[in-house]
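Here the structure is laid out as structure tokens; the discussion comes afterwards.
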Amino acid sequence: MIHQIEIKNVTFQYPGGMQPVLNDVSLTVEKGEFVAIMGGNGSGKSTLCKLLNGLIPHYYVGDYSGSVRVNGLATEETSVAELSHSVGYVYQDFDNQLVRARVLEDASFAPLNFGYADYKERGKKALEQVGLVGRDDEFIWQLSGGQKHLLALAGAISLNPDILIMDEPVAQLDPYHAKEVYDVLKMLNETYGKTIIVIEHHTEFIADYCDQVVLINEGKVEWKKPTQDALRLVDQLMTMQIYPPQVTQAAYKVGRLLRGNSVTNPLFESTKPYPVTLSEAMEFFSEQQSEEEPTEITQEPKVMEKEPIVEMEQVYFSYKTITRSKKTILKDINLTLNRGDRIALVGNNGAGKSSLMRLLTGLVKPEQGTVTVDGLNTNKFSPEKMADLVTYIYQNPEEMFIEDSVRKDVEFFLKARKVPGYKERVDQVLEQFNLTDLEDRDSRLMSGGQQRRASLAIGVAMNPKIILLDEPTANLDIATRKHITKLITSLKNYVEAVFIATHDMQLVAEWANRIIVLKDGEVLHDGDRESVFTNAALLKLAGLHPPQIMELSRGLQIEPISYTVDDFVNSYSQILGEENKDGVYS
Amino acid sequence: MEYTRKLTDKLSVEQAKIELLNTAYGNDQTFLAKLDPRTLFIWYLFFGLAPWFIHNDTVLIGLFAFMVLTTIMAKVSPLIIFILCLGLLGQGGYLLIAALFFGGGISTIMPLVMLTLKLSIISLASITVFCSMDPEKLSDGLLKIGVPGQVAFSISYGYRMLPSLLEEYHHIFLSFRLRGKAPEKHGFLYIRSIIYFIKIAMLSFYPLLLSTAKRSRTTVEALETKGSFYAFNNPKVKAIKLAHLIYGPRDYIFLALSLTYVISLFGLTRFY
Amino acid sequence: MNQIKERYVLTRSQKMMVFILSMSLYGLSNMITELVPSIYLGPIEFSIEYFAFIPLTLAMLFHPLYAAIGASLGEVIFGEIMLGQFGGFGELEKFIAFSLAIYIAGSMVRNPKNLRQVGFAAITGVIIHQFISMMVDIGKVWIGVEELEAVPGLAESIVVVEGFAFLNDILFSGILFALLPTLYLVPRLYGKIEPLLGMKPRDNTMRFTTKEIVTPRLVIGGVILALLAFLFEFLSETDFNVEWEADFVETFGAGFVWVSISVAAIIAILTVILMIMNKNKSKHTNGPTDKRNIG
């Protein structure tokens, strides 16, 4: 049988690289498969994919050996342009892959370049396939991130390739748009029979959409397995810092706990495989339905006296659009933020989260109303003055890096102000964020997680009263995300209030003591996590996607709702334990 | 000096971005924007060159009025006009000072006004033409008259990247401002503040150089896979791409009307 | 492995990256410097004329030619076309002079870590550019020699003023916006920015000998380019003699207006004809290509 993709004993080393990125890699992919490629940072995932569209060895002239055949074509002998009829590629930084000014132009760019007279129709067809219609003449900068991603996808399939590669579709998108992109991929796979290859570490998406998983480690292909089997190898994945879906982890942990406690339970004695999707988990865990008595919700003790640090009164904000008309972003916002608040600001893209935060920095001024930060009205003070009180940490850490080393970046603020003894302070901050070894590196050349740490360190070194974080966990793999979440939790020791705008509901659930839900520029809800995550109607209205484990515990009607896998394991094993005591299963 | 400071305050990056984007894209619904690029090139060829050779006040004023009209028709952004005025005033003023310095008198003022008038006509003509062509149109037009494909691509790409680049530059600039410290005193003629801002403006390019380098790598890879290099100077691709450039009645009408106006202007001079 | 052991050679795509990088960044900087108003103190101009350090840096780190052309094109696109200040023929002179200057400056640097070399090249680049500009400006006035002599001493003062402006540009813009920032950036970026583009840093053992830089081709090319630059500038600014224009009109009478109008009209008509001819020609050449592609 001829495989659609056949990689044989490929070894590749980038020019100037110290060691091979791919080391004797062999892999086959059949037509119509939906494959996920998993692996840690620097394991060679992207390099592997660039073998398929010929960028390696034609574009990256490195040390190359082995052979790759795609659709029967040997990539060494076929040009990149020719291969693009067989392979479409969507980059992780897809924004930079859009090169024309308008939507349809960009989608039909490749067909035009290859001289198809019907290039516009081809572009249109591709746009229809990805569901980006009615925007043909819009400019790329008018599109949202999700739409840009779809456009990059449309551009990649405009030549109707059989194979589509997508590098980390979820990384740059909020959960809603990520799902949208995956639905499109699924449709392309099922309806048009395209082979889809995604580089992905969000195993919950893999479980829902992919049918094969390839694990890469240190430039070698460990294995290729059907998704169900692959995701159940919890031990192996966890040692590589890859986290299986939360429900799988939960089943694994419950099982281990029970075995450890030598509690016998038919559920876990059987060879019944771990669930990998939510629906499987519902079935898996609900085989024993119990009449557990709801435990009392233990509320965090309320802070006795609230000291306001930020006050927003009747704040309106709008900006001028390209057509010189005004677009209202925030309407009649009245908020008081108090000392000790750990606030998560949630809501869909375009709900006004970033604008609200920028108002606090004084970089933008409200159109109406007042914003007072620690007694200072932002209307009356310059952003420089406000910077002494409020630090804003950009979503893209690279925008925080203005110097050529981590240390210089961290000390910039203190040095500019000639703060006495700043060196010791910087040492301390670097230590705290685990950056001491990296202090001479250029921040831009570090990994995503390291960059994020550096941006937090820069913020903390400024010694603000309030720290604002814009999507601090976006674009990180789950292991790094957990680490950053820990660091964020430690922030409360240095500042009086932390304010985070995020889509990461896991972070919200684990960290926030107050959640503000924004929708269309208005505050939809302001309360603690119970009030948000138990309110299904609110979640739906605001377009929020709670973590899988929360959905599971809600589906199983476990109370209180579990916010983390460990919560769930505890509650669940308690229930099981109680039932065992009652002799139900003995 | 006070006024320059106020002006620079008004000229915030945000405002500039909006205005520039407007110049680039905001005007695609005007009459002029619907003309064929070649029509606009021909029109510009005349109105951008002819004023140099015209020395008749009446004609120049007439042409100027016409240019003002076309500029209004083109819905040019106010910022552009403002920059133009600033430039013209500066240049006129400089020449006047130089001329006075080298022994000219009041008599030099009139030729200078004439010069400024000419410069205005020419500038307004180019503003009218180039603001009425969105990037694609301009690059199509240039491609049509034989400019290499890379240039046409670069224009379109420039417009594509401008918003992102400006935004990024702005962010970096803000990072400098928020983390740095502006001089406590503005200094003589705001000299300290000016130096401070210029320094930031330059330093901001260091981070931008690195991040743009990262971007351009993906971009060029994408260009490679999209077959752009193959297409840049391929006549077949060019023909397909430019198939939509057709002269319409409005092109002829526009050229005819302009011609009639110019001829009648010169006709008018006979009576004066 | 062979390729990377060879002398510093860039692939087509890498050249394109350098080009795009130079174009977008210098273009952006140009847009910014265009927007900042300049201050005049009489004939002395204190303005941020250009951030020449950007293309200079890139030309020294990467391929000089692509950095140079990219920068010039960036200036035209961002700084002129997008701001609605596109000046027609005059832009060509700037384009050529600037490209040439940056190219030569970039070629002069053998080892980007050698600060003396970098600084020397940066200031040389500025001098070349400003020198060409100055010569064009002076030459322009010299051509209109009859009018010039009508005003005694004007010729000398033009040279003095232009020469002064030249020195002013070199000492002000040259040092502040070319020399110092280039000295700051080149060593910082060397070895750091190249891997981002997937290239090896320019080999510091690479040597352009004087012979290699000053090839006959470069000399001849330079002379031709300088001449062309001058020609274009002259074409676009034949107006410079406004002050003496009044008697010009007197001499030739109002009839001259018609002559000049006809000249402009003829140019326009010629262009149209050329375009139509081109169109027909391309139709002819397209025919067979189409067939070949189909067949």
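Same order as they appear, the protein sequences are chains D, A and E. At position 441 of the first sequence (counting the first as 1) the number is 441 in my numbering, and the numbers step up by one without a gap. At position 163 of the second sequence (counting the first as 1) the number is 1163 in my numbering, and the numbers step up by one without a gap. At position 40 of the third sequence (counting the first as 1) the number is 2040 in my numbering, and the numbers step up by one without a gap. Cβ atoms here follow ideal geometry from the backbone N, Cα and C, with glycine treated the same way.
Interface with chain E (8 Å Cβ-Cβ cutoff): Ile1155 of chain A is included. The Cβ neighbour count for Tyr1044 of chain A, taken over all protein chains shown within 10 Å, is at least 16; the residue is labelled buried. DSSP places Ser1154 of chain A inside the alpha helix (DSSP H), whose first and last residues are Gly1149 to Arg1179. With the criterion set as a beta carbon lying under 8 Å from some beta carbon of chain E, the members of the segment 385-406 of chain D are Asp404, in sequence order. Note on Ala154 of chain D: 16 or more other CB atoms within 10 angstroms of its CB, so buried under the neighbour-count rule. If one requires a minimum length of 3 residues, the beta strand (DSSP E) runs lying completely within the segment 438-472 of chain D are 466-470, in chain order. Of the candidates A:Asp1251, A:Ala1065, A:Cys1131 and A:Asp1036, A:Cys1131 places its Cα closest to the Cα of Ile1080 of chain A. Residues of chain A whose Cβ lies closer than 9 Å to the Cβ of Glu105 of chain D are, in chain order, Glu1136 and Ser1156. The criterion of a C-beta distance shorter than 8 Å is not satisfied by Gly2079 of chain E and Ser2022 of chain E. Excluding sequence positions up to five before and after Leu237 of chain D, its CB lies within less than 6 Å of the CB of Pro244, all in the same chain and listed in chain order.
Annotation for Thr436 of chain D: no alpha helix (DSSP H) segment contains it, and DSSP assigns it neither H nor E.
Of the other Cβ atoms in all chains shown, fewer than 16 fall within 10 Å of the Cβ of Cys1085 of chain A; this residue is therefore exposed. For Ala474 of chain D, the secondary structure class from DSSP, reduced to helix, strand or coil, is coil. Looking at D:Lys320, D:Val184, D:Asn71 and D:Asn396, the one whose alpha-carbon comes closest to that of His1171 of chain A is D:Asn396. Legend: CB atoms of the segment 458-482 of chain D lying less than 9 Å from CB atoms of chain A belong to residues Ile458 and Met462. A straight-line Cα-Cα distance of about 11 Å links Thr378 of chain D and Val390 of chain D. Between the alpha carbons of Ala2105 of chain E and Ala479 of chain D lies a distance of about 48 Å. In chain D, no part has a C-beta under 9 Å from the C-beta of Arg1192 of chain A; the shortest such distance is about 14 Å.
Inter-residue distance for Leu1143 of chain A and Gly1149 of chain A is about 6 Å (C-alpha atoms, whole angstroms). Leaving aside the five residues that flank Val90 of chain D on each side, the residues in its chain whose CB is nearer than 6 Å to its CB run, in chain order, Ala152, Leu153, Ala156 and Met166. If the five residues before and after Leu112 of chain D are omitted, its C-beta is found closer than 6 Å to the C-beta atoms of Tyr119, all from its own chain and listed in chain order. Here the segment 2107-2122 of chain E makes no contact with the segment 1188-1195 of chain A; the two share fewer than three CB pairs at distances below 8 Å. Between Met2016 of chain E and chain A, the shortest Cβ-Cβ separation is below 8 Å.
Among the CB atoms of chain E, one or more fall inside 8 Å of the CB of Tyr60 of chain D. In this structure, D:Phe284 is the residue among D:Ser279, D:Phe284 and D:Pro383 with its C-alpha nearest to the C-alpha of Lys272 of chain D.
Beta-bridge analysis with DSSP links Thr2011 of chain E to no other residue. Residues of the segment 1239-1252 of chain A with a Cβ closer than 7 Å to any Cβ of chain D, in chain order: Ile1240 and Lys1241. Around the Cβ of Ile206 of chain D, a 10 Å sphere holds 16 or more other Cβ atoms; the residue is buried.
For the pair Leu438 of chain D and Lys2192 of chain E, the CB atoms are not nearer than the 8 Å cut-off.
Those residues of the segment 2188-2199 of chain E placed with their C-beta closer than 8 Å to a C-beta in chain A are Arg2188, Leu2189, Lys2192, Ile2193, Leu2196, Leu2197 and Gly2198, ordered along the chain. Residues of chain A whose Cβ lies closer than 7 Å to the Cβ of Gly2027 of chain E are, in chain order, Gly1158. Using beta-carbon distances, Ser1211 of chain A counts as an interface residue toward chain D, with a partner under 8 Å. In the three-state DSSP reduction, Ser1077 of chain A falls in the coil class, being neither helix nor strand. Using a C-beta cut-off of 8 Å, the segment 1150-1168 of chain A makes contact with the segment 96-103 of chain D, since at least three inter-stretch Cβ pairs fall below that distance. Bounds of the alpha helix (DSSP H) holding Leu2189 of chain E are Leu2180 to Leu2189. A straight-line Cα-Cα distance of about 19 Å links Ser1126 of chain A and Asn2030 of chain E.
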